[in-house]
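Enquirer:
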Amino acid sequence: MTIVVPVFNEEGGIRRFLDEQLFPVLLKLPCRTEIVVVDDGSNDKTIEKIKNCKITKEMNLRILAFSRNFGKEIALTAGIREAGGDAVIMIDADGQHPVEIIPEMILRWQEGAKIVTAIRGRNTTKHKIASKMYYGMMRMTGNKNIVPGELDFRLIDRVVAEEFNKLTERNRLTRGLIDWLGFKQEFIKVKTKGRIDGRPTYSFKRLLALAGDSMASASRTPLVIFGYIGVFITIVSLFLGLFILIQQYIMGDPLHLDWSGAVAMSVFISFLVGLVLISQAITALYISQIHVESKGRPLYVIDRKKSFKVSK
Ligand code: UDP
Ligand code: MG
Numbered sequence: 105m106t107i108v109v110p111v112f113n114e115e116g117g118i119r120r121f122l123d124e125q126l127f128p129v130l131l132k133l134p135c136r137t138e139i140v141v142v143d144d145g146s147n148d149k150t151i152e153k154i155k156n157c158k159i160t161k162e163m164n165l166r167i168l169a170f171s172r173n174f175g176k177e178i179a180l181t182a183g184i185r186e187a188g189g190d191a192v193i194m195i196d197a198d199g200q201h202p203v204e205i206i207p208e209m210i211l212r213w214q215e216g217a218k219i220v221t222a223i224r225g226r227n228t229t230k231h232k233i234a235s236k237m238y239y240g241m242m243r244m245t246g247n248k249n250i251v252p253g254e255l256d257f258r259l260i261d262r263v264v265a266e267e268f269n270k271l272t273e274r275n276r277l278t279r280g281l282i283d284w285l286g287f288k289q290e291f292i293k294v295k296t297k298g299r300i301d302g303r304p305t306y307s308f309k310r311l312l313a314l315a316g317d318s319m320a321s322a323s324r325t326p327l328v329i330f331g332y333i334g335v336f337i338t339i340v341s342l343f344l345g346l347f348i349l350i351q352q353y354i355m356g357d358p359l360h361l362d363w364s365g366a367v368a369m370s371v372f373i374s375f376l377v378g379l380v381l382i383s384q385a386i387t388a389l390y391i392s393q394i395h396v397e398s399k400g401r402p403l404y405v406i407d408r409k410k411s412f413k414v415s416k
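Here our numbering is used: the first residue of the sequence shown is 105, the next is one more, and so on.
1. Could you name the residues, in chain order, whose CB is less than 7 Å away from a heavy atom belonging to the ligand HEM?
2. State yes or no: is the C-beta of Gly199 within less than 8 Å of the C-beta of Gln125?
3. Note down the Cα distance separating Arg401 from Phe112, rounded to an integer number of angstroms.
4. Give me the DSSP bridge partner(s) of Gln289.
5. According to the neighbour-count rule (16 or more other Cβ atoms, all chains shown, within 10 Å of its Cβ), is Leu361 buried or exposed?
6. Which value, in whole angstroms, describes the spacing of the CA atoms of Met241 and Ala315?
7. Please report the residue range of the beta strand (DSSP E) in which Glu254 lies.
8. Name, in chain order, the residues that DSSP records as bridge partners for Phe170.
9. Could you check what DSSP says for Glu114 in three-state terms: helix, strand or coil?
10. When every heavy atom of the ligand UDP is checked, does at least one fall within less than 7 Å of the C-beta of Asp144?
11. Helix, strand or coil: which one does DSSP assign to Arg299?
12. Answer yes or no: do Val264 and Ile292 have a C-beta to C-beta separation smaller than 8 Å?
13. So Lys218 and Phe287 are supposed to be a Cβ contact under 8 Å. How far apart are they, rounded?
14. State the start and end residues of the unbroken beta strand (DSSP E) segment that holds Ile154.
15. Is it true that the CB of Arg310 sits closer than 8 Å to the CB of Gly117?
16. Go through its chain and collect everything with a Cβ distance to Leu344's Cβ below 7 Å, but skip five positions before and after it.
17. Roughly how many angstroms lie between the CA atoms of Met237 and Arg224, to the nearest whole one?
18. Which same chain residues, not among the five before or five after Phe330, have their C-beta less than 6 Å away from its C-beta?
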């Protein structure tokens, strides 16, 4: 069993999380456990704090330190790649995820579940609107099987981890990718708690950006919608323009509509706007092709000096 914990500037609460919450639960587990802490480029004393933890001295723990902040999703990815256990549990380090359900997760896994995901019983998140918008957008753009309230607190089987490790996209949302893999999942309803210390690093703005990114990488619908709007505007203004031209200027206004030059002008401008939207959508299609291809870079960079391993 490997426990993957992404941390970023958690010096205030990390010791309490590791020693008081996680450690007692892990001690009682029947299986061998290792802990992989991925330090996502913290610039506080998080790593030193972890080095002094009881859990670090008593259990198999290692720290994988990034050279800079790459974001939680990448940290989780690195942790899963690094995990050696026959199942991997990922959990936040801020104390919001109830560690008590780890034994139940493992039980379900032993009974055959490939993925066991904790979901929020009630939506208690502070980012209610952002998360509603996120799930709404995901569903609108064709990601129908995304479950609202899924936490990044889950167990995945070795098989799932192996498949996950094959995915190469840079713009990634771990839970989205794991859902995409399609293995059968089981859910455990939980109540999230308050942070031990500090504040969440995912601001409203960052959540929205994440939503936009994962939507754009998951589907082309937004792009296509603007293309369609462009086509619609172009066609409508084309016909309207022709109508004005013929009715007013060629036939001498038999319907007595008496449209001014400004009207004709605005119709002409909408026509151009439509053309611009269409050409923009076409350009974006090419860019999205390039984007798909340009995934050569490594997802993260490890700082060997800061990383360490204690083996028991
Ligand atoms: N985290 C991380 N990199 C980041 C931001 C956060 O590894 O850039 C870690 C953080 O230390 C915590 C977990 O991801 O263990 C969840 O972060 P946070 O509590 O800020 O997010 P939220 O609970 O709002 O999802
Ligand atoms: Mg949190």
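The C-beta atom is built at its ideal place from N, Cα and C for all residues, glycine as well.
Expert: On the basis of the supplied data:
1. The ligand HEM is absent from the structure shown, which contains only the ligand UDP and the ligand MG.
2. yes
3. Going by the C-alpha atoms only, they are around 22 Å apart.
4. Ile219
5. exposed
6. 8 Å
7. Glu254 to Asp261
8. Ile406
9. coil
10. The answer is yes for Asp144.
11. coil
12. no
13. 4 Å
14. Taken as a continuous stretch (DSSP letters only), Ile154 belongs to no beta strand (DSSP E), being part of the alpha helix (DSSP H) at Thr150 to Lys155.
15. no
16. Val371
17. 17 Å
18. Correct list, in chain order: Leu381 and Ala385.
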